[in-house]
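**Q** I'd like to ask some things about the structure below.
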Amino acid sequence: MVEFVKDGATGMEKVLLREPGGAMAQIHLYGGHVTSWKNEKGNELIFLSSKAIFKPPKAIRGGIPVCFPQFGGFGALEQHGFARNRMWSVDTNPPAPPSSAGTGPNKPYIDLVLKPAEEELKIWPHNFELYQRIMLGFSGELSSIIRVRNVDTKPFTFTFALHTYLSVSDISEVRIEGLETLDYLDNLQDRERFTEQGDAITFDSEVDRIYLGTPAKIAIIDHEKKRTFVLKKEGLPDAVVWNPWEKKAKVMVDFGDDEYKHMLCVEAAAVEKAITLKPGEEWKARQEISAVPSSYFSGQLDPCKVLNG
Ligand SMILES: O=P(O)(O)OC[C@H]1O[C@H](O)[C@H](O)[C@@H](O)[C@@H]1O
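According to my numbering, the sequence shown is numbered sequentially starting from 166.
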């Protein structure tokens with residue numbers, strides 16, 4: 166159910182979680198990074214670029230990178246912080262999971278941890294502990310439970326995101342429900358603030374937005390695949406939506422020219438209001454993604470049912 170393997174091609178260490186119903190997830194210790202998530206039929210649900218580079222300092226392109234202690238390029242650190250390009254450890258003695266963690270005998274999970282070494286303390290001089298429990302549920306849903314602890318003598322402040330790359334059939338057939346009428350910061354316009362006007366979000370060009378104060382549930386509907394991803398989150402008020410589109414795809418060395426058609430990033434995040442932890446304090450967050458047939462909702466795409474059901 167939980168297997169430790171070495172990747173033949175890259176030599177990197179991975180953890181495989183297998184749920185009795187057939188769902189599986191693959192996690193690289195490099196980045197504490199989910200790199201595959203399959204449903205019980207063996208269909209891949211997560212996008213991973215065919216050009217992903219599995220070599221530090223590059224973060225793996227695709228999957229679920231962890232952005233910590235900084236989201237984006239706004240701050241003193243490298244883009245998206247350093248957690249995504251550091252080697253995490255398997256945590257054999259994790260802090261007791263939050264009661265909502267919902268572990269059970271048939272729910273495979275792995276506990277990972279990242280603590281700073283000298284190299285990290287040089288660039289971000291704060292003693293932290295970053296824990297991640299990655300778990301598969303009975304219906305194949307994928308959860309990440311995050312904890313950050315301040316084990317320093319001074320407060321520190323950070324931003325955070327789970328940078329999930331969803332696999333979609335064709336980006337122009339996808340829409341997001343749950344972000345209508347919300348305010349967002351547009352990364353393509355110096356983070357200027359706008360209000361979403363449309364009924365639902367659809368895609369026909371590059372998008373890079375930070376939606377603010379988003380609901381606990383967001384639905385990503387893939388019409389062609391007749392599949393809906395339901396992303397549930399706690400402690401992560403913002404949602405970043407990103408697709409690089411054609412032009413940017415061509416300049417990314419670790420991304421195929423046409424791959425933008427088959428991915429969409431919807432990133433549960435805490436960006437607008439940075440989180441400050443005093444010594445001894447802990448911050449918790451959680452994301453759960455499930456993939457359900459769109460027809461599951463009484464044969465129609467009923468966003469109310471997706472969002473409120
Ligand atoms: O290329 P990366 O550093 O992995 O970043 C990929 C993307 O991540 C987020 O979605 C940001 O909002 C984008 O501005 C950025 O381009």
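We put the CB at the ideal spot given by N, CA and C, even for glycine.
Using a Cβ-Cβ cut-off of 6 Å (strictly less than) and excluding sequence neighbours within five positions of M166, which residues of its own chain qualify?
**A** Excluding positions up to five away in sequence, the list reads R183 and P273.
**Q** Please name the residue in S370, K319 and Y349 whose C-alpha comes closest to that of D335.
**A** S370
**Q** With a floor of 4 residues, list each alpha helix (DSSP H) that falls wholly inside the stretch 264-299, ordered by position along the chain.
**A** 283-288
**Q** DSSP state of I211, grouped into three classes?
**A** strand
**Q** Can you name, in chain order, every residue of its own chain whose Cβ lies under 6 Å from the Cβ of L401, other than the five neighbours on each side?
**A** A433, A434, A435 and A450
**Q** Please name the residue or residues paired with N408 in a DSSP beta bridge.
**A** DSSP, once it has assigned bridges, lists V372 as partnering N408.
**Q** Short of 7 Å in beta carbon distance, which residues of its chain neighbour L353, apart from the five on each side in sequence? Order them along the chain.
**A** E371 and D373
**Q** Name the DSSP bridge partner or partners of K203?
**A** Under the DSSP definition of a beta bridge, K203 partners with M189 and E209.
**Q** Exposed or buried, which one is A241 when buried takes at least 16 other CB atoms within 10 Å?
**A** exposed
**Q** Contact criterion: CB-CB distance below 8 Å. Does K438 meet it with respect to chain D?
**A** The structure shown contains no chain D; it holds only a single protein chain.
**Q** If you scan the stretch 294-379 from start to end, which runs of the beta strand (DSSP E) of 3 or more residues do you find wholly inside it?
**A** 307-315, 321-327, 330-332, 339-342, 348-351, 357-360 and 372-376
**Q** Check this for me: beta carbons of E446 and N315, under 8 Å apart or not?
**A** yes
**Q** Between V278, I375, T367 and G207, which has its C-alpha nearest F236's C-alpha?
**A** Looking at the Cα atoms, I375 is the closest of the given residues.
**Q** Give the straight-line distance between the Cα atoms of L350 and G176, rounded to the nearest whole angstrom.
**A** 40 Å
**Q** Suppose you measure from the CA of G227 to the CA of Y330; what does that come to, to the nearest Å?
**A** 5 Å
**Q** Measuring straight from C-alpha to C-alpha, what distance separates L377 and L181?
**A** Taking the straight line joining both Cα atoms gives about 34 Å.
**Q** Using 8 Å as the cut-off, can you tell me whether the stretch 416-423 makes contact with the stretch 297-317, which would need three or more C-beta pairs spanning the two stretches below that distance?
**A** no
**Q** Please report how far the alpha carbon of E361 lies from the alpha carbon of E345, in whole angstroms.
**A** 6 Å
**Q** If you pair each beta-carbon of the stretch 404-412 with each one of the stretch 272-291, do three or more pairs fall below 8 Å?
**A** no
**Q** Using 10 angstroms around the beta-carbon of I192, count the other beta-carbons present and answer buried if the total reaches 16, otherwise exposed.
**A** buried
**Q** Helix, strand or coil for V416 per DSSP?
**A** helix
**Q** How is E424 classed by DSSP in three states: helix, strand or coil?
**A** If DSSP states are grouped into helix, strand and coil, E424 belongs with the helices.
**Q** Specify, as a first and last residue, the run of the beta strand (DSSP E) that W448 falls within.
**A** E447 to P458
**Q** Y296 and D256: beta carbons closer than 8 Å?
**A** yes
**Q** Let's test the definition: count the other Cβ atoms within 10 Å of the Cβ of T322 and tell me whether it reaches 16, buried, or not, exposed.
**A** An exposed status is given to T322, since fewer than 16 other beta-carbon atoms sit within 10 Å of its beta-carbon.
**Q** Give a single yes or no on whether G237 has its beta carbon closer than 7 Å to a heavy atom of ligand 1.
**A** Under cutoff, so the answer is yes.
**Q** Let me check one thing: in DSSP terms, what residues is E399 bridge-paired to?
**A** Answer by DSSP bridge pairing, in chain order: R451.
**Q** If we count the other Cβ atoms within 10 Å of its Cβ and call it buried at 16 or more, is F169 buried or exposed?
**A** exposed
**Q** Hey, would you say the C-beta of V316 is under 7 Å away from at least one heavy atom of ligand 1?
**A** no
**Q** Which of the three DSSP states is assigned to R183 in this structure?
**A** strand
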